[in-house]
Amino acid sequence: MTADLPVVAIVGRPNVGKSTLVNRFVGRRDAIVQEKPGVTRDRKEFEAEWGGRTFRVVDTGGWLAAGESGLTSEDTALAAKVSAQADAAMAEADLVVLVVDVATGITEEDARVAAVLRTGSTPVILAVNKVDDDRRGHEIWEFQRLGLGTPYPVSALHGRESGDLLDAVVAALPPALEPEDPAAKPFRDGIFSVAVVGRPNVGKSTLFNRMVGEDRSVVHDLPGTTRDSIDTVIDTDEGPLRFVDTAGMRRASRVDEPTEYYSTVRALQSVDRADAVLFVIDATEGVTHQDQRLAERVDGAGCAMVIVLNKWDLLDAEARDDVKYQVRQKLHFLGYAPVLPISALTGRRVHQLLPALRQAETAYHRRIPTASLNRVLRDAQAAHPPPIDRKHRPRILYATQGAADPPTFTLFVTRTLPPTYLRYLERKLREEFDLGPTPIKLRVRRRGA
Ligand code: GDP
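Here our numbering is used: the first residue of the sequence shown is 124, the next is one more, and so on.
Take a look at the structure:
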């Protein structure tokens, strides 16, 4: 076993299927397949290889459930074990995979371990096991509540989808010391990346082909980071622009349409790799429930976004007003996103998309000097002070921009600010700093006055 290989630690409750999953990773059947509480109590290590990377997989064995091995069933004892295991995994691993069980849903222990994992700096991937058929598919989204990003469905028993999980694992590993085949690396190369997302038949392929087809002298197809995915890079006047996972869109006729569910999973994976999203809606159908659900998930990824109302050519004036109204009502949480009515088929107004994306790109990367930030917040407070909370008026002491992509601000305050007030501040920041089409994040920390 090579000591300097990256380490992936598998954690999770007993019986969620950790060792079966480890077997999938390792591709051998000689690890323990039958998992009973206790069987894999001792940690086990295996060497695995995927996508040209070799890494060590550590099966941490799971913590002991309350009542096992004479432990008292006191919550505190269990909580301590859970935390200890998660801490140990984070300390020794480059990446942690938390395995949960779709059949049981989120248990208290899952929530606890997720809370510990969220506090660390080690990246975490969430695997939802026992998704043995399509009917279970939609249930995996419940696990987003664990706050660990996109849940990856797997059926360790059938091997279903474990390739996608492995792709995600490999993509999240730290870069290899000796750079391997450069073409096999994910693309963190600074090229602004766009995902075209929407329900089947809203016109994504038509739009993509139109954007790529016209006036683009150089088009490159590059291997994407998932198996059988292709990314397309086009040259624009203002530099290269990448479309993520365009394999399905470049084919003239798509023979086997994936089910709605799998196309959703795939769309969300491409969103995870994108800086901006073109969210395409079929205006002839209005904003459907599925559009809303997809939009909610995409919004969670924190990308810049442009809402595209496609097939505008088929609508009369009344229908157009109605769709715009629906967007404001049903997608109100995307209030920051510009809305562009277009016709991918006729090409009408498609040329407005590139400038909109460029604006999104600029806003998404924007860095605001601390002094200007604090000046704007001071003025905003003076114009409209925070409401008094139990005899005290909260004050913002100072603020910093902790991160870009998207712009993320930390406000240090004397008391908690109500959500309405935070929305007011967000609006002010957007206006002052031209943060139009990007989401922004406000974090609030309490400090003594
Ligand atoms: P995808 O599944 O989202 O990639 O959708 P497609 O690009 O395959 O488009 C689905 C259907 O809608 C096709 O028959 C397209 O010709 C049609 N379509 C796409 N965009 C437009 C548009 O702007 N106007 C009209 N009238 N039809 C469109």
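Virtual Cβ for every residue (Gly too), placed ideally from N, Cα, C.
N- and C-terminal bounds of the alpha helix (DSSP H) containing residue i
| i | result |
| --- | --- |
| residue 487 | 476 to 488 |
| residue 329 | 327 to 336 |
| residue 524 | Careful: residue 524 lies outside any alpha helix (DSSP H), inside the beta strand (DSSP E) at 519 to 526. |
| residue 591 | Residue coverage of the chain in this structure runs from 124 to 572, which leaves residue 591 outside it and unanswerable. |
| residue 421 | 412 to 423 |
Contact belief for residue i with residue j at Cβ below 8 Å, rounded distance in angstroms
| i | j | result |
| --- | --- | --- |
| residue 181 | residue 148 | With 8 Å as the limit, residue 181 and residue 148 do not qualify as a contact, their Cβ atoms being about 11 Å apart. |
| residue 330 | residue 431 | 7 Å |
| residue 547 | residue 507 | 6 Å |
| residue 222 | residue 252 | 5 Å |
| residue 545 | residue 563 | Not really, about 11 Å apart at Cβ, beyond 8 Å. |
Helix, strand or coil at residue i according to DSSP, with G and I counted as helix
| i | result |
| --- | --- |
| residue 364 | strand |
| residue 305 | For residue 305, the pLDDT reaches just 36, beneath the cut-off of 50, and the residue's location in the model is therefore unreliable, although a value from the coordinates is still provided. If DSSP states are grouped into helix, strand and coil, residue 305 belongs with the helices. |
| residue 441 | helix |
| residue 316 | strand |
| residue 191 | Caution is warranted here: a pLDDT of 43 is assigned to residue 191, below 50, making its placement in the model unreliable, and the coordinate value is therefore given only provisionally. Helix. |
| residue 466 | coil |
| residue 406 | coil |
| residue 272 | coil |
| residue 135 | strand |
| residue 398 | coil |
| residue 543 | helix |
| residue 390 | helix |
| residue 322 | coil |
| residue 446 | helix |
| residue 556 | helix |
| residue 171 | strand |
| residue 451 | helix |
| residue 568 | strand |
| residue 130 | strand |
| residue 300 | With a pLDDT of 49 at residue 300, under the threshold of 50, the modelled position of this residue cannot be trusted; read the value that follows with caution. Correct three-state label for residue 300: coil. |
Delimiting residues of the beta strand (DSSP E) encompassing residue i
| i | result |
| --- | --- |
| residue 497 | Residue 497 -> not in any beta strand (DSSP E); alpha helix (DSSP H) instead, spanning 493 to 506. |
| residue 182 | 176 to 182 |
| residue 427 | 427 to 433 |
| residue 250 | 247 to 252 |
| residue 514 | No beta strand (DSSP E) holds residue 514; DSSP gives it neither H nor E. |
| residue 357 | 353 to 359 |
| residue 532 | 531 to 536 |
Residue closest to residue i, alpha-carbon to alpha-carbon, out of the options
| i | options | result |
| --- | --- | --- |
| residue 398 | 429, 323 and 387 | 429 |
| residue 128 | 140, 138, 168 and 141 | 168 |
| residue 409 | 423, 442 and 424 | 442 |
| residue 218 | 251, 178 and 203 | 178 |
| residue 412 | 524, 515, 453 and 144 | 453 |
| residue 267 | 237, 295 and 290 | 237 |
| residue 334 | 483, 530, 467 and 490 | 467 |
| residue 402 | 235, 389, 433 and 524 | 433 |
| residue 273 | 214, 136 and 390 | 390 |
Item to check | Those runs of the beta strand (DSSP E) which lie wholly inside the region 204 to 245 and span at least 3 residues | outcome: 218 to 224
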